[in-house]
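Residue numbers (the working numbering), protein chains in the order written: chain A, 62 to 155; chain Y, 453 to 945.
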């Protein structure tokens with residue numbers, strides 16, 4: 062697998078990042094080297110091994126679906142870059 | 453009496469409880485030590501001087517509270533842990549102006565026990581790095597030699613504790629971020645078993661790997677902090693609901709290593725290990741043998757695959773976790789875009805540093821359609837093999853021992869040009885996070901070539917923190933304690 066600058070742009074779009082031409086070239090080379098290193102895992106036959114996604118053995122924890130208020134809306138909005146009238150404000154969508 | 457800041461946490465706690473010193477005196481002394489040492493090590497992102505002093509004065513009016521195990525003791529926190537009303541930046545421009553409205557669970561526990569938050573420590577941005585050189589606010593420096601890194605990502609915390617700015621700190625460890633800087637700065641660092649300490653309020657990097665833990669100057673102090681921060685928290689579904697032993701009290705139960713079997717994984721003692729690190733670690737293993745331990749050769753055969761496995765999983769989880777930073781609810785917003793998508797991408801590209809963007813990119817790639825099975829699923833399968841290695845080795849012995857890092861602290865700038873080279877320095881610490889097991893780095897002396905601290909790492913069984921701490925404590929009692937870092941100006945001089 063060889064990572065091209067076009068691949069970098071495509072991944073950046075998926076990751077919601079904006080990458081300029083110079084950075085795309087650097088990332089392409091670096092990602093290529095890193096992914097090539099990661100390909101060493103293919104030396105191992107893992108066809109019969111179940112994936113391990115978490116070290117936790119216990120089952121998913123469920124709780125009663127009860128409402129509770131831990132914070133007020135003022136606290137929730139205090140770090141917003143832009144807010145007003147109890148809402149988060151974003152650039153115009155439609 | 454020696455300067456207050458140079459006491460251990462256990463000593464200062466007892467002096468405070470016995471009213472031999474006041475909380476104000478202790479806080480004042482630590483602030484003076486911060487003033488004296490901070491220009492050399494740049495370990496702090498936020499100093500809470502005034503509020504800490506006010507809190508100490510208020511506490512002194514009430515007097516020591518018997519139920520509060522850390523009454524009046526100043527501590528520091530890695531800036532990845534949320535603190536109510538105190539800025540929490542994660543070492544990132546993205547969270548430059550973020551002030552949480554809640555405390556992390558472990559922070560609330562420390563406060564309940566009367567600890568005084570003296571400040572927030574520098575770190576690699578979003579805990580991604582091994583040197584603090586990825587901090588958006590500049591690197592911290594190693595107290596033993598300011599031209600060298602303190603390690604990372606909890607490098608600021610390790611540097612602060614070594615420089616006696618506070619009596620302990622809490623760091624986080626996703627791939628060695630407590631143990632590696634502890635080793636580089638000559639202090640004790642413990643990564644508890646995954647699930648032992650709640651992750652509520654730990655700003656997520658790799659959720660299946662992240663674990664907070666104590667960093668202190670002695671094993672006993674490490675145990676005292678763990679006693680307080682460990683325990684079940686319903687706010688973290690991976691937090692485990694089993695009882696918490698009294699770690700500090702258990703230390704006195706063992707005075708030698710009779711009957712203890714220590715496994716030496718052969719993969720940790722071979723190629724790439726600096727001779728000075730090997731020599732110091734071997735001396736400590738010999739000491740363990742003299743104290744009665746049986747030393748057993750073991751193998752962790754998948755060690756050479758750990759770095760690739762770790763970075764695939766950590767980057768995948770990072771790309772998902774960091775999707776929340778979109779310039780809407782919190783964090784930096786770029787205001788030059790006139791549409792929503794442009795606002796997302798510009799905010800993220802200007803808010804995140806280069807290493808964070810690289811990891812998000814790689815994580816997005818390994819999770820993308822067509823590559824998920826080849827990378828992410830594959831790594832999750834190898835992860836199981838790596839954990840099985842540990843379980844097999846630990847079925848033959850009580851703990852495993854090896855160097856915490858292949859070298860002592862490297863120089864600033866030495867590994868920044870090539871990201872892969874930096875990742876490779878994590879070889880001895882990352883496997884443990886994949887397995888979820890606990891590990892501790894113990895300072896055992898100075899390397900004879902570099903003059904910088906060397907850490908011996910001990911790995912334990914699941915929830916085996918008690919025996920890990922006991923064994924480390926016995927070794928510590930038979931190892932000369934490191935002096936105050938030479939070259940650093942103490943406030944009392």
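All C-beta atoms, glycine included, are put in the ideal place defined by N, C-alpha and C. This structure is a prediction, so every number in the text was calculated from the model and none was measured.
With fewer than 16 other beta carbons inside 10 angstroms of its own, residue 148 of chain A counts as exposed. Against chain A, the CB of residue 871 of chain Y has a partner CB under 7 Å away; the residue lies at that interface.
In the assembly as shown, residue 930 of chain Y is an exposed residue. Its beta-carbon has fewer than 16 other beta-carbons within 10 Å. Beta-bridge annotation (DSSP): residue 148 of chain A is paired with A:145.
Cβ-Cβ distances below 7 Å link residue 916 of chain Y to 890 in the same chain, with the five nearest sequence neighbours on each side left out; the list follows chain order. Collapsing the DSSP output to three states places residue 913 of chain Y in coil. Under DSSP, residue 498 of chain Y takes part in a beta bridge, and its partners are Y:572.
Put simply, the CB of residue 720 of chain Y is far from chain A, with every gap to its CB atoms at 7 Å or more.
In the structure shown, the three-state DSSP call for residue 509 of chain Y is helix. Taken in chain order, the complete beta strand (DSSP E) segments of 3 or more residues contained in the stretch 847-929 of chain Y are 851-855, 891-898, 905-911. When Cβ-Cβ separations below 7 Å define contact, residue 911 of chain Y makes no contact with chain A. Excluding sequence positions up to five before and after residue 459 of chain Y, its CB lies within less than 8 Å of the CB of 467, 619, all in the same chain and listed in chain order. DSSP places residue 624 of chain Y in the strand class (E or B) of the three-state scheme.
Within the same chain, and ignoring the five residues on either side of residue 709 of chain Y in sequence, the residues whose Cβ sits closer than 6 Å to its Cβ are 740, 743, 744, 745, 926. As computed with DSSP, residue 746 of chain Y is found in a beta bridge with Y:713. The C-beta distance from residue 592 of chain Y to residue 493 of chain Y rounds to 6 Å, short enough to fall under 8 Å. In this model, residue 79 of chain A and residue 566 of chain Y are separated by some 46 Å (Cα to Cα).
Residue range 461-469 is occupied by the alpha helix (DSSP H) that includes residue 467 of chain Y. Along the stretch 456-488 of chain Y, there is no position whose C-beta sits under 7 Å from a C-beta of chain A. No Cβ-Cβ contact shorter than 7 Å links residue 117 of chain A with residue 645 of chain Y. Per DSSP, residue 818 of chain Y is one residue of the alpha helix (DSSP H) stretching across 806-819. For the stretch 821-837 of chain Y, the beta-carbon criterion of a distance under 9 Å to any beta-carbon of chain A is satisfied by 823, 826, 827, 828, 829, 830, 831, 832, 833, 834, 835, 836, 837.
Contacts with chain Y (Cβ-Cβ distance below 7 Å) from the stretch 78-92 of chain A involve 78, 79, 88, 91, 92, listed in chain order.
DSSP places residue 527 of chain Y in no alpha helix (DSSP H) but in the uninterrupted beta strand (DSSP E) bounded by 526-530.
Looking at the backbone, the Cα of residue 551 of chain Y and that of residue 649 of chain Y are separated by about 23 Å.
For the stretch 135-155 of chain A, the set of residues with a beta-carbon nearer than 8 Å to any beta-carbon of chain Y comprises 136, 137, 139, 140, 141, 142, 143, 149, 151, 152, 153, 154, in chain order. Within the stretch 114-126 of chain A, the residues whose Cβ lies closer than 8 Å to any Cβ of chain Y are, in chain order, 114, 115, 116, 117, 119, 121, 122, 124. The C-beta separation of residue 921 of chain Y from residue 703 of chain Y comes to about 6 Å, placing the pair in contact by the 8 Å criterion. Taking a cut-off of 8 Å for Cβ pairs, the stretch 512-521 of chain Y and the stretch 602-616 of chain Y do not touch, as fewer than three such pairs fall below it. Beta-bridge partners of residue 535 of chain Y (DSSP): Y:538. Using beta-carbon distances, residue 790 of chain Y counts as an interface residue toward chain A, with a partner under 7 Å.
Residue pairing by DSSP puts residue 665 of chain Y in a beta bridge opposite Y:623. Along the length of the stretch 667-735 of chain Y, whole alpha helix (DSSP H) runs at least 4 residues long occupy 671-681, 699-702, reported in chain order. Secondary structure at residue 649 of chain Y: strand, using DSSP grouped into helix, strand and coil.
Proximity to residue 718 of chain Y across Y:507, Y:605, Y:777, Y:855 peaks at Y:855, based on C-alpha coordinates. For residue 643 of chain Y, the enclosing beta strand (DSSP E) has its first and last residue at 640-643.
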